[in-house]
Amino acid sequence: MSPSVGRSLARESEPGTAELLGSLTLDYAPRSPSLARQFVKIALTARGINAETEALDVVVSELVTNSVMHARPVTSASIRLRLWQVRHLIRVEVYDADPRIPMPRKTKPDDERGRGIYIIRDLAANQGFYRNRTGKCVWVDVNIRLGKEE
Ligand SMILES: Nc1ncnc2c1ncn2[C@@H]1O[C@H](COP(=O)(O)OP(=O)(O)O)[C@@H](O)[C@H]1O
Ligand SMILES: [Mg+2]
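Structure (structure tokens):
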């Protein structure tokens, strides 16, 4: 994951440029990546955003899977997903209860794991993270191709 430290989109953007599309609370459970993908689809459709969502689906899956797999909560905390639109960018924010940040791993050809961060990097227009009082937020901007009416 990029070492750049991001801030909440709500704080860093000019007023009126970032629109919150939706927010979802998820358990540390195997079904959460799938629920997150369904949520993204519904959130975009509800706003009439007619876009290619393959890259977004992959990013959401990798981020939520990482929180489920690696961010072990000591309390009954939840994962929180927030989705923003800034023009042609969709920002995915995933908050979890672990202050440790994603760390790229050196992978050998037959390793089954450790590629998620590289996949995200290739799909991201921008990415970063910041720690907060309860853990951290990892965020990724994905450039979506909007539909014909855009
Ligand atoms: N949300 C997270 N919280 C804590 N550590 C994380 C998180 N996401 C990723 N990591 C760390 O970064 C490593 C690399 O992540 P990734 O490239 O997705 O590989 P994988 O998930 O297959 O191990 C993980 O093995 C883990 O140690
Ligand atoms: Mg992973």
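Mapping of the sequence shown onto this note's numbering: residues -4 to 145, in sequence order. The beta-carbon is built from N, C-alpha and C at its ideal position, and this holds for glycine as well.
Contact check, residue i vs residue j, beta carbons under 9 Å
i: L84; j: D136; result: yes
i: T48; j: L58; result: no
i: I114; j: V53; result: yes
i: R86; j: A66; result: no
i: W134; j: V69; result: no
i: A41; j: L16; result: yes
i: P99; j: I112; result: yes
i: R43; j: D93; result: A small fix is needed here, since residue 43 is Gly in this sequence, not Arg. The answer is no: Cβ separation not under 9 Å.
i: L118; j: A50; result: yes
i: P25; j: V55; result: no
Closest Cα partner of residue i within the set the options
i: Y23; options: T102, N61, D52, N45; result: N61
i: V63; options: K36, L51, A31; result: A31
i: V35; options: Q80, T70, T12, H65; result: Q80
i: S18; options: R26, Q33, Q122; result: Q33
i: A13; options: R82, F124, R126; result: R82
i: I37; options: L78, I74, L21; result: L78
i: R116; options: I74, D91, P97; result: P97
i: R126; options: T20, D91, R108, D106; result: D91
Delimiting residues of the alpha helix (DSSP H) encompassing residue i
i: D117; result: 111 to 118
Start-to-end residues for the beta strand (DSSP E) that takes in residue i
i: R126; result: 121 to 127
i: D136; result: 130 to 138
Next on the checklist: What ranges does the alpha helix (DSSP H) occupy inside the segment 19 to 93, keeping only unbroken runs of at least 4 residues that lie completely in it?
Outcome noted: If only complete runs of 4 or more residues are kept, the segment 19 to 93 shows the alpha helix (DSSP H) at 27 to 41, 49 to 65, in order along the chain.
Next on the checklist: So if I measure from each beta-carbon to every heavy atom of ligand 2 and keep distances below 6 Å, which residues remain?
Outcome noted: Those satisfying the condition are, in chain order, E57, T60, N61, G111.
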